[in-house]
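Down below is the structure, laid out as structure tokens.
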Amino acid sequence: MKSIKDVSMVTGISVHTLRAWEKRYGVVNPNRSENGRRYYSEADIEKLELLSFVVKAGEAIGQVQKLSLEELKLKAESLEEVVLKEEEKRDYLISQTVLLSALKHGIKDIILHELQSVVLKLNKNESSIKRLVKMVIIPFSQELSMMNQSSDNRSKEFVNSITQYFTNILKQVVSSAEEVYGSSNSSELNNSINNKKILIGNVGSEYSEIDALMCVIQAYLNGREALYVGKVLDQETIKVFTESEDKFDLLLVNRPETASTCTMLANIISGIFDKGRLAGDLAVFQRDGLGKCFGQPWGYSFKTLPDHDQVEEFFAAS
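So, in structure tokens, the structure goes:
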């Protein structure tokens, strides 16, 4: 049995509020000593802890005061996900602010620490990955991309270093997305109308790998299994994909920047098309002059996607 002060410390409910809840709502009925002091049982404390949680989560005490212990447990379980979601959103918003500020001022140590921190705290479930992508990864990537395009020689080393580290972070997020969305328990993947693989190729600059990895994550976020090909495409890689029997519903090519890389990618594409392994259109992420590379003479139909919002729409609609 515990005193009212002890219960207040355990539950986080003030002594004044405990007395008010007992008097007005009869939430618990503690034993009393001969001199009138309250003493609470373990069952009383458990109920008060649950009441404290659901009230802090937004429920009115008048609406939950008559619930039994079991009913309170069910209510707390239903509210726990909401509370965790709001806490996670707040944490991600803080991370976004810290990362963008550190990037602006060129503070490398803070960026590395914060990026690793958000990945370590990542809950491996669909909603958590979606919030991480929308609230942290995309804003940071957009800012880093602008710095990559405008950086001078003095800041180039800083931008390149952050780009390499961010790439490794994205690979960890891709692994989490593959684990969640590739499992039989994934509601997104199971509810997807079309479950064929998407081949995502990256043959451009170092920064283009970031775009490609983000596209892989977005594919999984929209219930599509993605197969990623990195920027090193030798003849053996081309042979593997052209001779494979896998079927691909869509193919997304990421930022090819030179005629030679476009030609290598076109060789893969032509092998896929020739075998009838690609049923949909070819989608290309944001790069001028693509038609010159393989719009002709191969004559493929392709869509140009200028930003990650349209990449997401493309996956969702396909």
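With positions in the sequence shown counted from 1, the corresponding number in the working numbering is that position plus 699.
All C-beta atoms in this analysis are idealised placements derived from N, C-alpha and C, irrespective of residue type, glycine included.
If you draw a 10 Å sphere on the C-beta of residue 737, you find 16 or more other C-beta atoms in it, and that means buried. Counting other Cβ atoms within 10 Å of its Cβ, residue 876 reaches 16 or more and is therefore classed as buried. Residue 870 sits exposed, since fewer than 16 C-beta atoms from the chains shown fall within 10 Å of its C-beta. Around the CB of residue 798, 16 or more other CB atoms lie within 10 Å, so the residue is classed as buried. For residue 737, there is no enclosing alpha helix (DSSP H); the residue is found in the beta strand (DSSP E) stretching over 737–739. Sixteen is the threshold: when 16 or more other Cβ atoms of the shown chains lie within 10 Å of the Cβ of residue 746, as they do, the residue is buried. Under a 10 Å Cβ-count criterion, residue 753 is classified as buried, with 16 or more other Cβ atoms of the shown protein chains found around its own Cβ. Residue 926 and residue 792 have their alpha carbons spaced roughly 30 Å apart. Under the three-pair Cβ rule at 8 Å, the stretch 773–789 does not count as touching the stretch 726–741.
In the three-state reduction of the DSSP assignment, residue 701 falls in the strand class, which pools E and B. For the pair residue 873 and residue 863, the Cα-to-Cα distance works out to about 15 Å. Cβ contact annotation for residue 714 (same chain, cutoff 6 Å, sequence separation greater than five): 703 and 707, in chain order. Per DSSP, residue 836 lies in no alpha helix (DSSP H) and is assigned neither H nor E.
A distance below 7 Å between beta-carbons, with the five flanking residues on each side excluded, links residue 913 to the following residues of its chain, in chain order: 836, 840, 869 and 1007.
Within 10 angstroms of the beta-carbon of residue 800 lie fewer than 16 other beta-carbons, which makes it exposed. Looking at the DSSP output, residue 768 sits in no beta bridge, so it has no partner there.
For residue 816, the uninterrupted alpha helix (DSSP H) segment begins and ends at 807–819. Non-local C-beta neighbours of residue 731 in its own chain, meaning closer than 8 Å and more than five positions away in sequence, comprise 737 and 738, ordered along the chain. Sixteen is the threshold: since fewer than 16 other Cβ atoms of the shown chains lie within 10 Å of the Cβ of residue 759, the residue is exposed. Here DSSP, grouped into helix, strand and coil, assigns residue 925 to strand. For residue 922, the closest alpha carbon among the candidates 726, 899, 879 and 911 is that of 879. Taking the Cβ atoms as the reference, residue 788 lies roughly 7 Å from residue 834, within the contact range of under 8 Å. Straight-line measurement puts the Cα of residue 865 at about 13 Å from the Cα of residue 809. For the set 750, 910, 819 and 700, the Cα lying nearest the Cα of residue 724 is the one of 750.
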